[in-house]
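Taking it in order: structure first as structure tokens, then the write-up.
In the numbering used here, the protein residues as written are 10 to 151.
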């Protein structure tokens, strides 16, 4: 069964969009996003950097999650973890599901974000800001 995608979905963009912005209440903690919007999916790779950490250190691989809208059951999203890391799987899964629901496209999310030293509320603010930034880029590209 082939379900056609809406005609307004853009042509593949092989020029990724890169974003970097500070966490609202932690200006020393920067969120970095690497976005690739393709005709049939979106790829999002996320990480954080802390000014206090060594610039020579590389972040861990993190988690990689695939999510897609459930075309037979409106608001539901189907997702699966392709690679997991205890510290980032919840964040990656949550973000992948939200983006798949909002974009109505399959989404791959790679996440090696580290929110050590922040509260749950601050982490949620970071999630909200990340979603807003990604959706703004999506609307500019489409």
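In this text, a Cβ means the ideal position worked out from N, Cα and C, and glycines have one as well.
Nothing here was measured: the structure is a model prediction, and the numbers come from that model.
Given residue 42 as reference, the closest of 77, 126, 121 and 134 once Cα atoms are compared: Indexing the chain shown from 1 puts residue 42 at position 33. Answer by Cα proximity: 121.
Straight-line Cα distance separating residue 137 from residue 33: For the purposes of this step, residue 33 is taken as the residue at position 24 of the chain shown. For the purposes of this step, residue 137 is taken as the residue at position 128 of the chain shown. So the two alpha carbons sit approximately 10 Å from each other.
Inter-residue spacing [alpha-carbon to alpha-carbon] between residue 133 and residue 40: The residue labelled residue 133 in the question sits at position 124 within the chain shown. The residue labelled residue 40 in the question sits at position 31 within the chain shown. Those two C-alpha atoms are separated by around 13 Å.
Contact under 8 Å by Cβ, residue 142 with residue 70: For the purposes of this step, residue 142 is taken as the residue at position 133 of the chain shown. For the purposes of this step, residue 70 is taken as the residue at position 61 of the chain shown. It is not a contact, given that the beta carbons lie outside the stated cut-off.
Residues sharing a beta bridge with residue 161, DSSP: The structure shown does not extend to residue 161, since the chain is modelled only from 10 through 151, so no value can be given for it.
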